[in-house]
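To start, the structure under review is shown below, and the notes come after it.
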Ligand SMILES: Cc1cc2nc3c(=O)[nH]c(=O)nc-3n(C[C@H](O)[C@H](O)[C@H](O)COP(=O)(O)OP(=O)(O)OC[C@H]3O[C@@H](n4cnc5c(N)ncnc54)[C@H](O)[C@@H]3O)c2cc1C
């Protein structure tokens, strides 16, 4: 494969064009709506419309199935670029690409791919429903049940923290079809929003990524046909683990983009803000703060792109994906916090953009495996060698 397909150092022409388009979208559509979407905790429908029209909701879905026919790495680059302006918009795109279309491409039958991927790429938002009130890090303790009755599956249970749930039309729902077998009973079902018994519950009022919806899902006697089982019955644990391993690279990308956005703001501010008769960028302490951010972002970007490269090359990448997410979340935390400090009192207000990034950064240490759970994965692999 050509070196430029994996942009560790340089992007290929298609990637340059794609990112130029994302930058234009960021400036023309997202940035003018940023503050209101955050305040109202609502994704502007125009933003979503553009994400679909630009082909960003099915980035690595093959063209013959209505997707953009690009690669997983391209999706990672897009998520990074979106997060530079709004990490919420990056979340919408991330869940769609690295979890939902990814799982269907990897585990779906040919028929399922033909039925679901074209609509996901064109106009249907997807959501990934694993977590519950009592099972977060311990995801396989989930209590949602799938019972076989009269040739169908009947789903009952509640899911919590479901990203994209407000907008989504298609939900990947994990339920246990045989609790006696423990996690080996977990099965993944493709559920449409309009299925009787399927309800959207409370929408969370969050600290950050407020324009990305996070909702509760309620399943009451939801009847599902066999052709909506994704992968095999009892293999849902594999679908979950393997999709989340890949999804983590997406969260790493989101955190790198967020950190870069914080540095972009801090650099411009440091050149403008005058104290003691000069721009604060003239002070060595400020220069070193900016340089430290830059160096950390560069390192985080390389860990994320390397994890994506390894995944695409078919190499082992679980350690690298955990490191990428863990490190990028550390860097986003540091950079967004430092950006607030460099803005001084202004940084502490909602009139300036950096406090939002500071709030948005926190989620990087929580979802798709908490910060400690990433370290647990890294340590497990380290000690197993
Ligand atoms: C905004 C948002 C969006 C989300 N989107 C989705 C989604 O789309 N789909 C979905 O399925 N889920 C989603 N989640 C859920 C998310 O993945 C969980 O919140 C996360 O996995 C942590 O689970 P928990 O909240 O139950 O915390 P807990 O598991 O209760 O963890 C609490 C604390 O205990 C620590 N801890 C737990 N177990 C261990 C251990 N063994 N060793 C060391 N420390 C441990 C954790 O690190 C953490 O610090 C989302 C969450 C949020 C906040």
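Numbering (the numbering used here), first residue to last: 5 to 389. Backbone N, C-alpha and C define an ideal beta-carbon position, used for all residues, glycine too.
Just to check, is the beta-carbon of residue i closer than 8 Å to a non-hydrogen atom of ligand 1?
i	result
residue 101	no
residue 223	no
residue 2	Summary: the structure shown does not reach residue 2, with the chain confined to residues 5 through 389, and so no result is reported for it.
residue 167	yes
residue 259	no
residue 134	yes
residue 372	yes
residue 367	yes
residue 338	no
residue 375	yes
residue 208	yes
residue 140	yes
Identify whether residue i lies in helix, strand or coil by the three-state DSSP scheme.
i	result
residue 132	strand
residue 349	helix
residue 188	helix
residue 6	Because residue 6 sits at a pLDDT of 41, beneath the cut-off of 50, its placement in the model cannot be relied upon, and the following sentence gives the value as read from the coordinates. In this structure, residue 6 counts as coil in the three-state DSSP scheme.
residue 202	strand
residue 127	coil
residue 178	strand
residue 16	coil
residue 318	coil
residue 138	coil
In its own chain, which residues sit with a C-beta less than 6 Å from the C-beta of residue i, not counting the 5 before and 5 after it?
i	result
residue 151	158
residue 187	144, 241
Which term fits residue i, buried or exposed, when burial requires 16 or more other beta carbons within 10 angstroms of its beta carbon?
i	result
residue 191	buried
residue 317	exposed
residue 337	buried
residue 372	buried
residue 5	In this prediction, residue 5 has a pLDDT of 40, which is less than 50 and means its spatial position is unreliable; nothing more can be read from the coordinates.
residue 7	Caution applies to residue 7, whose pLDDT of 44 falls short of 50 and renders its modelled position unreliable; the value that the coordinates give is listed next. That one is exposed.
residue 340	buried
residue 184	exposed
Residues in the same chain with beta-carbon distance under 7 Å from residue i, minus the five sequence neighbours each way, listed in chain order, please.
i	result
residue 94	83, 86, 87, 258, 261
residue 33	50, 51, 54
residue 379	330
residue 172	129, 130, 131, 197
residue 333	259, 368, 369, 375
| request: Flag this pair as touching only if the segment 209–218 and the segment 270–286 have three or more C-beta atom pairs under 8 Å; answer yes or no. | output: no
| task | Determine, using beta-carbon pairs with one atom in the segment 121–128 and one in the segment 59–78, whether at least three such pairs fall under 8 Å. | result | yes
| query | At a cut of 8 Å, does the segment 227–245 reach the segment 167–174 through at least three beta carbon pairs? | reply | no
| Touching or not, the segment 94–108 and the segment 279–299, by the rule of three or more beta carbon pairs under 8 Å? | no
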